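Novice:
Protein chains in written order, with this note's numbering: chain A, 40 to 359; chain D, 54 to 553.
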């Protein structure tokens, strides 16, 4: 079986070559050698493919003197049969299963450690599917990838001050290089003119709001509030972040908004205004969240489908 | 006793004697009967669906029936007699000036000669004297959309501009006699331009001025009143006798007291047979109301009398509301079916010519007066030339030299109307007492003024919540900076008391 397929050799040699470059390429510890003699693994489980070709080694004529001790460092013989190091070698995706087993074992060892609340879990950018496939070197299906990520997330929930270093090192192997979540953007600040800038979107309109301290004047695209929004409800929603926090007479609003209709424009200004207000007063976040101006409404118009009249509507059934 | 055996139908015969015994066990008597009548059926007859009557055409033509679709005859609807002509319009234009359910603020002053320029009344609401309401009504000072019917009695808010105007009235009637001030009033929708004119009329009546008003410019150009060529000497000019007569009527009703104290002092050759020496101006005006055919010459005569310096005459207030309708072609047509420009109507031409300075060192109003021409925010056609003319007027009012590069220029590609541009480019007046045409923009109330205005609402019992500065400042912002019409809309709607 061994040496039969050159691809096996290539893979094995690649593993050997890659090991010093990136230890994470192999789940196995570097102390293991890749190929072991069956005699060395006498206590290990035998394989069905194992033949008795090496039994001649044991049948030694008694007359001959004892063989010298085997120097494993300078092993003279070509191994008669190669035993794969990974027990999952004969499975469909051995490398992935090695990774999975390693993480499952890791989780089993540390399962009893206390967890943090979901809010305080350190955010980690796991390898994406394509990156993970490259990392493993096997075509991993999405579902299996997701199950592995779940295990990683579960391990990551162990309290950061308690989690053993080796476990941390292992799960960090699966983090995207450069950890995008590790670098947080600097919190927005007021510019030199004392303006806070906020952007907001709703439906198909997007708004930019500049908020300065003032007396409560509002300009939308250079127009006054009543000119820009004839409907009173829209005017209410534009100034809602200020009026619900009782700051209406303390700031001036200068907004530009484009795209969409009147409602979308008004509500995109609401979001932008709330974000700009948070730059001035970050402590208002909870109040604004309760007022419903922090959460982004990400809904957009659903696309029309072929064969449908609208997104969902179907033409009436006609006989023939 | 009759026998159970029926001879004709054999129905009462014992079953066993006629038929072989039934193979299917029967449960009900009807099933028994049905099976008995049709022994070859596998299911009972009453389980079958009833046969449908076919209504389709393929059943063949119907010869003995009506083939066409029957039309149901509608019953004639009982119609009531429509209201008489003019009644609907009267109902539509009816203006309610009071609300008996509202409270009257106890500390509300009336506007008077003493307080019309008093800075202490700034930021408060002053009532219009009840005795003056009839005069104001007759000059159409009130409009339907201004919400007069919400309060106990008509009252107006004294803002900064109104007080300045009050002082102007005092000056023209007092120390600066003969002064003429000409203003074009602009502002956003609901900024109080028309009520500003109403305040001016009230002040004019208080000061015993002669008040001429054109409450609706549109009515003169939308071809709803009769028109005719003026005369052979002036081809291309048109006179509107009915509209002129109505103007005279308004002027007569509102200014009867003043006009009846003034006598004709000039010769009027055009009205030789009508005008008699010693006639009062009220009588002169009455001639034009009686006979529409001479309305225009009478108006000219009246105007000549009021602007004459040979006898003591009061100052004149002229207000025009909604100027932009006069800045384009009217809906009237010439005999060749060409549109008539609004400036070719003598009525319009007269009032627009007042914006120009008088010739030969004379003032347009030698006895002094005030011209207030307001634009309209809602009912105004968009006219490029008029927009540019107003921009140029704004620039000249703020002291920009017309030759400087900042002065707004006319874009020739927008096909501007030279007559409109020309109407507002007034050269420096030759008379010392005559002011140059100015632009007065009206904006929103200041936050302090808004408090005063909303206090009036609260005192009238129209707000069912505690008034505090926070609420007023919210209102001020939502009304886009104290636009008074928006304040009115918002305050009229926000009635639900806030939970605190």
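C-beta: ideal position from N, C-alpha, C; glycine also. Nothing here was measured: the structure is a model prediction, and the numbers come from that model.
Does the CB of residue 255 of chain A have a neighbour CB from chain D at under 9 Å?
Specialist: The residue labelled residue 255 of chain A in the question sits at position 216 within the first chain. It does: the Cβ of residue 255 of chain A has a partner Cβ on chain D nearer than 9 Å.
Novice: Hey, is residue 278 of chain A's beta-carbon within less than 9 Å of any beta-carbon in chain D?
Specialist: As a first step, residue 278 of chain A is located in the first chain; it is residue number 239 there, counting from the start. It does: the Cβ of residue 278 of chain A has a partner Cβ on chain D nearer than 9 Å.
Novice: In chain order, what residues of the same chain have a beta carbon less than 8 Å from the beta carbon of residue 453 of chain D, not counting five sequence neighbours either side?
Specialist: Within the second chain, the letter at position 400 stands for residue 453 of chain D. Correct list, in chain order: 459, 460.
Novice: On the criterion of 16 or more Cβ atoms from any shown chain inside 10 Å, does residue 470 of chain D qualify as buried, or is it exposed?
Specialist: Translated into positions along the second chain, residue 470 of chain D becomes position 417. By the neighbour-count rule (16 or more Cβ atoms within 10 Å), residue 470 of chain D is buried.
Novice: Distance cutoff 9 Å, beta carbons only. Does residue 173 of chain A sit that close to anything in chain D?
Specialist: Numbered from 1 along the first chain, position 134 holds the residue referred to as residue 173 of chain A. By this cut-off, residue 173 of chain A is not an interface position.
Novice: Taking Cβ-Cβ distances shorter than 9 Å, what residues in chain A pair up with residue 523 of chain D?
Specialist: Looking up residue 523 of chain D in the second chain gives position 470. Simply 285, 287, 288.
Novice: Could you spell out the range, first to last residue, of the alpha helix (DSSP H) harbouring residue 373 of chain A?
Specialist: Beyond the ends of chain A as shown, which are 40 and 359, falls residue 373 of chain A; an answer cannot be given.
Novice: Going along the chain, which residues of its own chain have a beta-carbon closer than 8 Å to the beta-carbon of residue 318 of chain D, five neighbours each way excluded?
Specialist: Within the second chain, the letter at position 265 stands for residue 318 of chain D. These residues qualify, in order along the chain: 358, 361, 363, 364.
Novice: Please confirm if the region 205-213 of chain D is in contact with the region 489-507 of chain D, defined as three or more CB-CB distances below 8 Å between the two stretches.
Specialist: Result yes; three or more Cβ-Cβ pairs closer than 8 Å.
Novice: In this structure, how does DSSP classify residue 45 of chain A when only helix, strand and coil are distinguished?
Specialist: Sequence index remark: in the first chain, residue 45 of chain A carries index 6 (1-based). At residue 45 of chain A, the pLDDT of 46 sits below 50, so the modelled position is not reliable; the number obtained from the coordinates is stated separately. DSSP places residue 45 of chain A in helix when its eight states are reduced to three.
Novice: Suppose you measure from the CA of residue 512 of chain D to the CA of residue 545 of chain D; what does that come to, to the nearest Å?
Specialist: The count along the second chain starts at 1 and reaches residue 512 of chain D at position 459. The count along the second chain starts at 1 and reaches residue 545 of chain D at position 492. Answer to the nearest angstrom: the Cα atoms are 14 Å apart.
Novice: Does DSSP put residue 230 of chain A in a helix, in a strand, or in coil?
Specialist: One-based indexing of the first chain puts residue 230 of chain A at position 191. Correct three-state label for residue 230 of chain A: coil.
Novice: Under the assumption that residue 245 of chain D contacts residue 216 of chain D (Cβ atoms under 8 Å), give the Cβ distance between them as a whole number of angstroms.
Specialist: The sequence position of residue 245 of chain D within the second chain is 192, counting from 1. The sequence position of residue 216 of chain D within the second chain is 163, counting from 1. Rounded, the Cβ-Cβ distance is 14 Å, inconsistent with contact.
Novice: Would you say residue 264 of chain A lies against chain D (beta-carbon separation less than 9 Å)?
Specialist: Your numbering for residue 264 of chain A matches position 225 in the first chain. It does: the Cβ of residue 264 of chain A has a partner Cβ on chain D nearer than 9 Å.
Novice: Taking the straight line between their C-alpha atoms, what separation do you get for residue 484 of chain D and residue 237 of chain D?
Specialist: For the purposes of this step, residue 484 of chain D is taken as residue 431 along the second chain, with counting starting at 1. For the purposes of this step, residue 237 of chain D is taken as residue 184 along the second chain, with counting starting at 1. Straight-line Cα distance between these residues: approximately 20 Å.
Novice: With DSSP as the reference, please indicate the residues paired to residue 558 of chain D in a beta bridge.
Specialist: This structure gives no information on residue 558 of chain D, because the portion of chain D shown stretches from 54 to 553.
Novice: Flag this pair as yes or no: are the beta carbons of residue 360 of chain A and residue 129 of chain A separated by less than 9 Å?
Specialist: There is simply no residue 360 of chain A to check, as chain A begins at 40 and stops at 359 in what is shown.
Novice: Run down chain D in chain order and give the residues with a C-beta less than 7 Å from the C-beta of residue 282 of chain A.
Specialist: Counting from one through the first chain, the residue named residue 282 of chain A turns up at place 243. By Cβ distance, chain D contributes 527.
Novice: Near residue 353 of chain A, which residues of its chain fall below 6 Å by C-beta distance, leaving aside the five closest residues on each side in sequence?
Specialist: For the purposes of this step, residue 353 of chain A is taken as residue 314 along the first chain, with counting starting at 1. Answer for residue 353 of chain A: 347, listed in chain order.
Novice: Decide yes or no for the touch test of the region 309-327 of chain D against the region 348-357 of chain D: beta carbon pairs closer than 8 Å, at least 3 of them.
Specialist: The answer is yes - the region 348-357 of chain D touches the region 309-327 of chain D, with three or more Cβ pairs under 8 Å.
Novice: Cutting at 8 Å between CB atoms, please list the residues of its own chain near residue 341 of chain A, excluding the five before and the five after it.
Specialist: As a first step, residue 341 of chain A is located in the first chain; it is residue number 302 there, counting from the start. These residues qualify, in order along the chain: 350, 351.
Novice: Could you tell me which residues DSSP pairs with residue 495 of chain D in its beta bridges?
Specialist: Residue mapping note: residue 495 of chain D aligns to position 442 of the second chain, counting from 1. Looking at the DSSP assignment, residue 495 of chain D forms a beta bridge with D/240.
Novice: With distance defined between alpha-carbon atoms, name the residue in A/272, A/235, A/113, A/319 nearest to residue 294 of chain A.
Specialist: Counted from its first residue, the first chain places residue 294 of chain A at position 255. Of A/272, A/235, A/113, A/319, the residue nearest in Cα terms is A/235.
Novice: Answer yes or no: do residue 486 of chain D and residue 233 of chain D have a C-beta to C-beta separation smaller than 9 Å?
Specialist: Residue mapping note: residue 486 of chain D aligns to position 433 of the second chain, counting from 1. Residue mapping note: residue 233 of chain D aligns to position 180 of the second chain, counting from 1. Cβ distance < 9 Å, so residue 486 of chain D and residue 233 of chain D count as in contact.
Novice: Starting from residue 425 of chain D, trace the beta strand (DSSP E) both ways and give me its first and last residue.
Specialist: On the second chain, residue 425 of chain D is found 372 positions in, with the first residue counted as 1. First-last of the beta strand (DSSP E) with residue 425 of chain D: 422-427.
Novice: Compare the C-alpha of residue 257 of chain D against each of D/192, D/443, D/533 and name the closest.
Specialist: In the second chain, the residue the question calls residue 257 of chain D occupies position 204. Of the listed residues, the one whose Cα sits closest to residue 257 of chain D is D/192.
Novice: Within 10 angstroms of its Cβ, does residue 482 of chain D collect 16 or more other Cβ (buried), or is it exposed?
Specialist: Stepping through the second chain from its first residue, residue 482 of chain D is reached at position 429. Classification for residue 482 of chain D: buried.
Novice: Which value, in whole angstroms, describes the spacing of the CA atoms of residue 214 of chain A and residue 177 of chain A?
Specialist: For the purposes of this step, residue 214 of chain A is identified with residue 175 of the first chain, where counting begins at 1. For the purposes of this step, residue 177 of chain A is identified with residue 138 of the first chain, where counting begins at 1. Their Cα atoms are separated by approximately 18 Å.
Novice: Which residues in chain A have a C-beta closer than 9 Å to the C-beta of residue 500 of chain D? List them in chain order.
Specialist: Stepping through the second chain from its first residue, residue 500 of chain D is reached at position 447. Simply 254, 255, 288.
Novice: Could you work out which residues of chain D lie near residue 339 of chain A, taking near to mean beta carbons separated by less than 8 Å?
Specialist: Position 300 of the first chain, counted from the first residue, corresponds to residue 339 of chain A. Result: empty, since nearest Cβ-Cβ is about 29 Å, beyond 8 Å.
Novice: What does the alpha-carbon distance come out to for the pair residue 281 of chain D and residue 292 of chain D?
Specialist: Here residue 281 of chain D refers to the residue found at position 228 of the second chain. Here residue 292 of chain D refers to the residue found at position 239 of the second chain. Cα-Cα distance, rounded: 5 Å.
Novice: Of all the options D/300, D/259, D/214, which has the alpha carbon lying nearest to the alpha carbon of residue 403 of chain D?
Specialist: Counted from its first residue, the second chain places residue 403 of chain D at position 350. Of the listed residues, the one whose Cα sits closest to residue 403 of chain D is D/300.
Novice: Could you give the first and the last residue of the continuous beta strand (DSSP E) run that contains residue 322 of chain A?
Specialist: Sequence index remark: in the first chain, residue 322 of chain A carries index 283 (1-based). Segment: none, residue 322 of chain A is in no beta strand (DSSP E) and carries neither H nor E.
Novice: Does the distance from the CB of residue 463 of chain D to the CB of residue 379 of chain D come in under 9 Å?
Specialist: Here residue 463 of chain D is taken as the residue at index 410 of the second chain, counted from 1. Here residue 379 of chain D is taken as the residue at index 326 of the second chain, counted from 1. No, they are not a contact pair.
Novice: How about residue 530 of chain D: is its C-beta nearer than 9 Å to some C-beta of chain A?
Specialist: Against the second chain, residue 530 of chain D aligns to sequence position 477. Yes - at least one Cβ of chain A is within 9 Å of the one on residue 530 of chain D.
Novice: Could you check how far apart the C-beta atoms of residue 296 of chain D and residue 400 of chain D are, in whole angstroms? I think they sit under 8 Å.
Specialist: For this step, residue 296 of chain D is matched to residue 243 along the second chain. For this step, residue 400 of chain D is matched to residue 347 along the second chain. Contact holds; Cβ gap of about 6 Å.
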